[in-house]
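Residue numbers (full-length UniProt numbering): 1 to 758. Here's the structure, in structure tokens; my notes come after.
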């Protein structure tokens, strides 16, 4: 329930990760890429072209600085090729500028500083954005087959999603990941899994993007060893990107392992290693997307993403021993695109301008490429609704258009059904077609600067995170937004306005987590029985010493560990012995929910009605209703959990917020210790099917049955076809996507009152 409401509408990265789990999706992607390129090419020429008019346009309507940059990008192609002529004989210029820009008094900003219009002068006139869908699910073997099918259709790169167990540095046999293995991405325990993942895929010819942050050392090491064992002796032949953005994990996504300072040491060592040995590989991708999904508004997302970028430049220089021009040109960024169309377009333009200005001001790079902000974008998962789900197709289209208008370099469009589960073949095809149609059929700075200054005044993002400032700001934004939706101040069609009683039915993709986990454990046992145990132990000890002393590059040592068949869990554990495992302290944002409700122009407030019922319960029972908001398993998305906690507290509940990543046994222990009336379980990564029955069993083991047992409420991304299974397991209430916090709270109080009467 913690994620009950908000979370319920927040399509997690993990669903998006598995979003490409349908092979048809990627086949469409390849067809789309081919069509895009051919259409862009053919659109350049028309039988109505007037050479003299085109010559005049080149001379008088296009600025000099832009023409010089564009010609460099075109190489042997003439500038005339960029002018498209319509069937009516109208010449469409590749760029339109003001008279002051034409006269050279203002920069063009496309391919030239400050890059407001885009990093390239020609932008989409020569090559459209890349259609890149995130993929990885179940076992390495299944993912490999999926990748091969994509590549056979002409795909030129891979984007790998890992499961939550891997993200958190646990092997698949660990008791904390029972419900997580293979669910949010591909399960990787050792280099043998990595070799299976890329079997038959030449890594020296394939660009590979990997979304990994917490367990970045073992994953990078295993990728390198898999390449070497394919016969790639020169690591400079490897190309791709590792996300490696740990700062945003401490703010929102929570797939961290170690505390901030040693985590930054890992990033510095990876930057150093890649700059020396993997010159074609990008060592970091800085994400604002997850901040937006967690509730950050546009200004916060922009400011904190760029502030993270500045901190990573410092990290590369101070911890990695690199120069700014060694690291900054290889940075990429990742932004979320929501429903505020013009603001999202402005955000991408402002991001490029601000980044160029900040880099120049603080680090004085000599290479102009250091100033370029290259970005991937993804449509919002949070904006997707379970109610009237086909409306999500329209929402995604609007968001995708904003990303394109803002000048993104690549784009992922979410599937309409990701509000409740993994996308199917049908929904994934529609998501791809959204980009196809946009490509073929459609012809903030000041606020962000102040927020960036606030972070810089703290001593950079690492120090700011230690104070809890960024996390608090984002959580407050999320709580206020939910209150605006619940009170009707912000309209969501089909959720709080124009609601219909009809429910659309559609297929939801499911993964057999038990089967995947068994296969992974069998492979782990086989590896451990065949490897040189003493060599593994010696290398893990060496890694531990490197973490203590800083005398060796951590990635270099991790590569040796991976070669010896040390597992992800063992490598992570060796570092954990030195640094410990980081635990965030849960906090509640007080007053944000109720105060935002009071801004609504309503005669009667739902909050007043619920508060009255809470007081009635307290009067009859001698205390307020008490809820434990719990997140089990390794899913760290806690937006909904935090909003529920804050909202319920404002409505008069006593709220206990459990730490992230609990086991069912730990949740029961905390519920008993705090004598709660309700256990609210937040689920977003499909772990509820395994973890909720385990929770009920642990309650029974603790002697809590029938009337003595706390009410169990589950909320979040719960497919309706799972409801009956959960009710049969012992769940009392389920709140799906789009539930108002006030409705959830009232449902809980009513059930408690009814229970007391019986």
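We treat Cβ as the ideally placed atom computed from N, Cα and C, and that holds for glycine. A quick note: this is a predicted structure, and the numbers were derived from the prediction, not measured.
In terms of residue numbering, what span does the alpha helix (DSSP H) encompassing residue i cover?
i, result
"residue 568", "568-579"
"residue 158", "Premise fails: residue 158 lies in the beta strand (DSSP E), 157-161, not in any alpha helix (DSSP H)."
"residue 595", "592-597"
"residue 168", "It is not in any alpha helix (DSSP H) - residue 168 carries neither H nor E in the DSSP assignment."
"residue 627", "Counting along the chain, residue 627 falls outside any alpha helix (DSSP H), though it belongs to the beta strand (DSSP E) covering 626-631."
"residue 696", "688-701"
"residue 559", "554-563"
"residue 489", "From DSSP, residue 489 is part of no alpha helix (DSSP H); its letter is neither H nor E."
"residue 643", "639-650"
"residue 363", "341-363"
"residue 55", "51-60"
"residue 534", "533-549"
"residue 71", "64-74"
"residue 228", "216-229"
"residue 193", "191-197"
Return the first residue and the last residue of the beta strand (DSSP E) that residue i is part of.
i, result
"residue 412", "410-412"
"residue 655", "654-657"
Flag this pair as yes or no: are the beta carbons of residue i and residue j separated by less than 8 Å?
i, j, result
"residue 161", "residue 181", "no"
"residue 80", "residue 62", "no"
"residue 748", "residue 588", "no"
"residue 605", "residue 462", "no"
"residue 243", "residue 291", "no"
"residue 310", "residue 362", "yes"
"residue 593", "residue 658", "no"
"residue 636", "residue 716", "no"
"residue 575", "residue 256", "no"
"residue 183", "residue 474", "no"
"residue 372", "residue 119", "yes"
"residue 270", "residue 194", "no"
"residue 567", "residue 189", "yes"
"residue 139", "residue 519", "yes"
"residue 732", "residue 718", "no"
"residue 409", "residue 352", "no"
"residue 217", "residue 554", "yes"
By the three-class DSSP mapping on this structure, what secondary structure does residue i have?
i, result
"residue 91", "strand"
"residue 264", "helix"
"residue 319", "coil"
"residue 250", "helix"
"residue 807", "The chain is shown only over 1 to 758; residue 807 falls outside these bounds and no answer can be derived."
"residue 511", "coil"
"residue 84", "strand"
"residue 297", "coil"
"residue 742", "helix"
"residue 113", "coil"
"residue 388", "coil"
"residue 662", "strand"
"residue 706", "helix"
"residue 718", "coil"
"residue 667", "helix"
Near residue i, which residues of its chain fall below 8 Å by C-beta distance, leaving aside the five closest residues on each side in sequence?
i, result
"residue 192", "523, 527, 565"
"residue 761", "This structure does not reach residue 761, given that the chain is present from 1 up to 758, and the question cannot be answered."
Using a Cβ-Cβ cutoff of less than 7 Å, which residues in the same chain neighbour residue i once the five nearest sequence positions on both sides are dropped?
i, result
"residue 53", "91"
"residue 726", "688, 692, 714, 734"
"residue 556", "273"
"residue 698", "664, 665, 668"
"residue 471", "251"
"residue 281", "238, 239, 240, 274"
"residue 559", "221, 224, 225"
List the DSSP bridge partners of residue i.
i, result
"residue 713", "680, 733"
"residue 378", "336, 412"
"residue 240", "208, 281"
"residue 331", "284"
"residue 186", "162"
"residue 497", "493"
Excluding sequence positions up to five away, which residues of its chain have a Cβ less than 6 Å from the Cβ of residue i?
i, result
"residue 760", "Missing from the structure shown is residue 760; the chain here goes from 1 to 758 and no further."
"residue 179", "633, 687, 690, 691"
"residue 210", "160, 242"
"residue 312", "284"
"residue 396", "379, 413, 414, 434"
"residue 356", "113, 114, 115, 371"
"residue 476", "589, 592"
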